[in-house]
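Per the working numbering, residue 2 is the first one in the sequence shown, and the count goes up by one each step.
By construction, the Cβ of each residue, glycine as well, lies at the ideal position given by its N, Cα and C atoms.
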Amino acid sequence: MMKDVKHYLQFSDLTREEYNYIFERAQVLKRRHVSGELYRPLPGKVMAMIFEKNSTRTRVSFEALMTHLGGHAMFLDSKTSQLGRGEPPEDTARVLSRMCDIIMIRTFDQSLVETLAAYSRVPVINGLTNEYHPCQILADILTYIEHRGSIQGKTVAWVGDGNNMSRTWVQAADILGFKLKVATPAGYELTLLDGKQYGSDCLEVGHDPAWAVRDADLVTTDVFTSMGYEDESAVRLKAFAGYEVNEALMALARPDALFMHCLPAHRGEEVSAGVIDGPQSVVWDEAENRLHAQKALVEYLLLGKVNH
Ligand code: CP
Ligand code: NVA
2 MMKDVKHYLQ FSDLTREEYN YIFERAQVLK RRHVSGELYR PLPGKVMAMI
52 FEKNSTRTRV SFEALMTHLG GHAMFLDSKT SQLGRGEPPE DTARVLSRMC
102 DIIMIRTFDQ SLVETLAAYS RVPVINGLTN EYHPCQILAD ILTYIEHRGS
152 IQGKTVAWVG DGNNMSRTWV QAADILGFKL KVATPAGYEL TLLDGKQYGS
202 DCLEVGHDPA WAVRDADLVT TDVFTSMGYE DESAVRLKAF AGYEVNEALM
252 ALARPDALFM HCLPAHRGEE VSAGVIDGPQ SVVWDEAENR LHAQKALVEY
302 LLLGKVNH
């Protein structure tokens, strides 16, 4: 790793104290943006965005936030860049980080993101891997705070796949001090990759969605089939029967429970239309907050804490 460069590769890369700052700062930047005030602390700064998987929210939020901050974001994909022709990630990192000020990458293996960071002179942000999706959980927790205040001591229920999203929620629960209850179908359990042991005040796992959701403050789910696993779609559709977050399931959570989904969603599979389009759903705020949360993150990685 290059010295003194702060990367954001997993949720566990920042401390609770840093998150408290970023959530506060994101709300300041959001208010400023909504009021139409221009704030351009990054003139001439360039973000390289590498996408090896599809994206709507991640691409648009990073591109928009770099424009808002006075910089520029550049889209690269594996089809049209040399990455897709086998140029080593070490060399890509060396070159990009001599031309750009920050790199964001969405790809398959977490190890690629780690390699990129190890050879980069500038911060690298994980915009989703098979293993983690830290920027999404950053936005999700900002959304929870805006609607309900601190998430500390609350209970979050995860219903569905033991995937990149649920694995990132575990790290967030540990750092920010809330409980995560995870219900996955058999064969799709959460596998934790950071070698840590999580106590039952932080993480409980099972297979029963009703158990997970009972008395939860926040219920969240994700697609049955994540990007990169499309070959398993038909098998997964069967295995995940009974894992739809619908009105009956939501009724078991606390009456003021929120519903979140990182999107894109499949109504009638992992979530019913009544829930995602219903009064407890905050999915549009959640999507919007990708912009504000990541703006605070990028500002922090490039400028440190600012108070103006
Ligand atoms: N939630 C999320 O990361 O959306 P995109 O795949 O559209 O970027
Ligand atoms: N788990 C999903 C999230 C998409 C934003 C995937 O990896 O495809």
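Contact under 9 angstroms by Cβ, residue i with residue j
i: residue 174; j: residue 199; result: yes
i: residue 172; j: residue 202; result: no
i: residue 281; j: residue 143; result: no
i: residue 91; j: residue 82; result: no
i: residue 77; j: residue 295; result: no
i: residue 181; j: residue 158; result: yes
i: residue 238; j: residue 222; result: no
i: residue 22; j: residue 197; result: no
i: residue 102; j: residue 47; result: yes
i: residue 245; j: residue 272; result: yes
i: residue 189; j: residue 241; result: yes
i: residue 218; j: residue 254; result: yes
i: residue 210; j: residue 250; result: yes
i: residue 128; j: residue 179; result: no
i: residue 109; j: residue 130; result: yes
i: residue 186; j: residue 229; result: no
i: residue 73; j: residue 283; result: no
i: residue 60; j: residue 52; result: yes
Residue range of the beta strand (DSSP E) that includes residue i
i: residue 105; result: 103-107
i: residue 127; result: 125-127
i: residue 51; result: 47-52
i: residue 337; result: Here the chain has residues from 2 to 309 only, and residue 337 is not among them.
i: residue 77; result: 73-78
Limits of the unbroken alpha helix (DSSP H) element including residue i
i: residue 147; result: 135-149
i: residue 8; result: First-last for residue 8: undefined, no H or E at that position.
i: residue 63; result: 58-69
i: residue 241; result: Element bounds for residue 241: n/a, residue is neither H nor E.
i: residue 214; result: 210-214
i: residue 251; result: 248-251
i: residue 24; result: 17-35
i: residue 288; result: 284-304
i: residue 113; result: 111-119
Contact set for residue i: own chain, Cβ-Cβ below 7 angstroms, skip 5 residues either direction
i: residue 125; result: 8, 10, 104, 106, 114, 117 and 118
i: residue 268; result: 274 and 277
i: residue 164; result: 223 and 227
i: residue 152; result: 142, 145, 146, 177 and 179
i: residue 212; result: 184
Close Cβ partners of residue i (< 8 angstroms) along its chain, the five nearest in sequence each way excluded
i: residue 275; result: 247 and 248
i: residue 65; result: 292
i: residue 300; result: 26, 30, 42, 43, 70 and 307
i: residue 12; result: 133, 135, 138, 139, 169, 172, 173 and 176
Same chain, Cβ closer than 6 angstroms to residue i, five either side skipped, listed in chain order
i: residue 183; result: 159, 167, 191 and 206
i: residue 156; result: 180, 217 and 218
Any heavy atom of the ligand CP within less than 6 angstroms of residue CB: hits in chain order
Result: 56, 57, 58, 59, 129, 137, 263 and 264.
Ignoring anything shorter than 4 residues, give me the alpha helix (DSSP H) runs that lie fully in the region 155-199, in order along the chain.
Entirely contained in the region 155-199, the alpha helix (DSSP H) runs reaching 4 residues are, in chain order, 165-177.
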